[in-house]
Amino acid sequence: MQERIGLIYGDTTSTAFAFASNRQINRLDYVYVVHEGRKVLAQVREVRRISKLSFEKVFLEEIREEDEKISATADVIGYSGRNGLCVPRTPFRQGDYVYKADEEIVREVLGLGKKGAYIGLLKDMDIKVYLDINTLLQKHVSVLAKSGSGKSYAMGVIVEELIDHGVPVVIIDPHGEYPSMIHPNLDKKEIEMMKRFDVKPKGYGGNIVQYSPGNESNPDSIPLYLDEINLELNDLMDVMSSKITGVQKGILYQAIKEVKERKRIYLLEDIIEELKRAKSSAKWNLIPQLEELNDMKLFSADATPIDELVQKGKCSIINFRGIPPHIQDVVVSHLLTKLFEERKRNSIPPFMVVIEESHRYCPERGQGGAISSEIIRTIASEGRKFGMGLAIVSQRPARVEKNVVSQCNTQIILKTTNPNDVRAIVASVEGLTQGAADEIQRLPIGMAILSGLPINAPLFVEVRVRKSSHGGRAAKVVEDERKANRFSFRFGRQ
C-alpha cells in the first residue's frame, strides 16, 4: 500500500503545486500524485512550518503539536511515456493525495538504469545511480566545482568504473593527483562508509601507467616523447608557441619541402638547418621557436607509440607535475591531435580522455590563449563520431570555453560559489531549474547535481567512496596539537 503523506491545496499549475502534511517532509524528497490516470513524479523544493502559535502563547509555553502544520512546495518532473519523459498539460487538483515516491517510480521516471558506471546513491533514497558507459564516451562529460569540493575525487570514481569496464583512459594530470590510484583506499573513515556504498578497497596498479615529458620531475614515470620523424607543416604549427604569418608559413613549408627532397627520414634539427639557409629575413622569427622546441627534448625519433597509450583496460596518466605550463600546452596539443587522428583511423580502441584543470588548456576567449584549444574544440564537436570521449574537469567553469562545455551532455556539478561560475553552469546545463541552480552554492562536500543524458531530470547524488587512494587531498600546513607538542618536546621546546 502506498504511503500518503499530504493533500494538495491552493493554486496549482501543471508544473508545480503545494501540499499540506502532518508528517516530516524534507527538501529534495521525491513524491508523486496520481493525475490524469498516471503517477506523476515531483520533487520537494521548499518546506515551511505553518503555525497559529501567537506571540503570547510562546511565553505561556502553551505549545501543542496541532498548532503546527507542514506546507511543502513541489516542482513537477513528469511521468514516463512512450517517448520518454512527459509533463502533464493540466493543473493539479486541490484535495488530491500526495504519496511518498518509492524506488520503482523514481527509477522509471528518472530513467535510472541498473548497470553501467556506478557513480553514487540518490540523495536520501539509497538508490544506486549508474551512468551509461556508451553515453559517457559518445556524448562527453564535464565535472565542475570550486577547489576543494571533490571534483577530482568524483572524476576518480568515474575513472575507476571505466577501468573496471575495460574502457581505455588517458588522463591529462597537471598536478600528479591520479597516480595514487595504484593503491587501495585504506582511509579508516572511508572504509567504514564503503559498507553503505557497497564497494571495497581496490588498487589499480595493474592498469595504470604514468608518463611524463622529460621525467626528471617525475622519476616514477616513463618518459613521454613526441614523434620527431618527418614532421609536417601542420605538426609544427600545432606545437609552436605563437601564431606565424603567411610569409613565415611559406618559408617553413619551403624548408620542409627541400629537406624532404634530400632526405627520406629527417628530424627537427634538419628543418632548423634548412631554415637557416633561407634568404628571407622572416626566418629569424621562426628559428628561435623551433630551437626552443628542440631544446625541450620533447621530440624523439624513438617516440612513445600512440597504441601503447590506448589499450583495453589501461589507464595512461600524463603526469605534468613540475612541468612548465608552456611545455604542458605543447604536449597536450600534439598528443591529443595524434590520439584523434589514430582514433579516426580506427587504429586504437574507443577511449576516454580526461582533461584536469581544463581552463588551462581550452580557456574562454578573453581568459588567455592556449595552442591546445583548437584540438580540444575539435574533439568536443567531432570526437563522439569516432568513439573518442572527452571529460572536462575544472574549478573555474566561467573560464572554460563555453562551446566545449556545452558539448558535454552529462554534467556532474559539485559545490560552486563564485557567481560568474554559477551563471556559466546554468547557461550551459540544460534542464537545470532555478531551484537547482540556487542549490549549487549550498551543496555539502561529496554531494553532486547530476544532469544530462540518459537521465530525465537533474539528480542530487551522494558520490560514492573511491575504491582507490585519492591523491588530491590538500596538504596540512599545521599538524594537530598532539603532534605539535611531541615535536616541541623532542627538540626541547616548551
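Residues in the sequence shown are numbered consecutively from 901, following my numbering. Glycine is no exception: its CB is placed at the ideal position from the N, C-alpha and C atoms.
Inter-residue distance for M1081 and L1062 is about 13 Å (C-alpha atoms, whole angstroms). For the pair I1019 and T1316, the Cα-to-Cα distance works out to about 20 Å. Assigned with DSSP and collapsed to three states, N1219 falls in strand. Within the DSSP secondary-structure output, K1000 pairs in a beta bridge with V931. A direct Cα-to-Cα measurement between N1085 and H1370 gives close to 7 Å. For R1162, the uninterrupted alpha helix (DSSP H) run begins and ends at G1146 to R1162, by DSSP.
Around the beta carbon of Y930, 16 or more other beta carbons lie within 10 angstroms, which makes this residue buried. In the three-state reduction of the DSSP assignment, F1240 falls in the helix class, which pools H, G and I. Taken in chain order, the whole beta strand (DSSP E) runs of length 3 or more contained in the region 1056-1132 are 1069-1073 and 1108-1112.
In the displayed model, R1296 falls within coil according to three-state DSSP, outside both helix and strand.
No residue range can be given for V1210, since it is assigned to no alpha helix (DSSP H) and is classified by DSSP as neither H nor E.
Checking the DSSP bridge columns, you'll see G984 partnered with G981. Around the beta carbon of R948, fewer than 16 other beta carbons sit within 10 angstroms, so the residue counts as exposed.
Taking all protein chains in view, the Cβ of Q1307 is crowded by 16 or more other Cβ atoms within 10 Å, so the residue is classified as buried. The beta-carbon distance between A1203 and D1127, rounded to whole angstroms, is 4 Å. This is short enough to meet the 8 Å contact definition.
Sorting E1274, P1225, L1036 and A1201 by C-alpha distance to the C-alpha of D1073 places P1225 at the top. Beta bridge pairing from DSSP links D975 with A916 and Q943.
In this structure, E1174 places its C-beta atom within 8 Å of the C-beta atom of E1158. In the assembly as shown, A1201 is an exposed residue. Its beta-carbon has fewer than 16 other beta-carbons within 10 Å.
Looking at the backbone, the Cα of I908 and that of V934 are separated by about 11 Å.
Beta-carbon to beta-carbon, F1251 and V1069 are separated by about 6 Å, close enough to satisfy the 8 Å threshold.
In this model, G1352 and L1124 are separated by some 35 Å (Cα to Cα). Here Q1311 carries a strand assignment [DSSP, helix/strand/coil]. Around the C-beta of K1238, 16 or more other C-beta atoms lie within 10 Å, and the residue is accordingly described as buried. For R1323, no beta strand (DSSP E) run applies; the uninterrupted alpha helix (DSSP H) run containing it begins and ends at P1319 to S1328, by DSSP.
Apart from sequence neighbours up to five positions away, the residues of its chain that approach R927 with a beta-carbon distance below 6 Å are V944 and V947, ordered along the chain. In this structure, the straight-line span from the alpha carbon of H1259 to that of K1102 is close to 31 Å. When DSSP states are grouped into helix, strand and coil, A1201 belongs to the coil group. In this structure, R1243 sits near F1286, with a CB-CB distance shorter than 8 Å. A direct Cα-Cα distance of roughly 57 Å separates G1011 from I1151.
A distance below 8 Å separates the beta carbons of V1231 and P1113. Just measuring C-alpha positions, the residue of V1304, I1027, Y1053 and N1118 sitting nearest K1015 is I1027. When secondary structure is reduced to three states using DSSP, R949 falls in the strand class. DSSP, reduced to helix, strand and coil, places V1365 outside both helices and strands of the structure shown, so it counts as coil.
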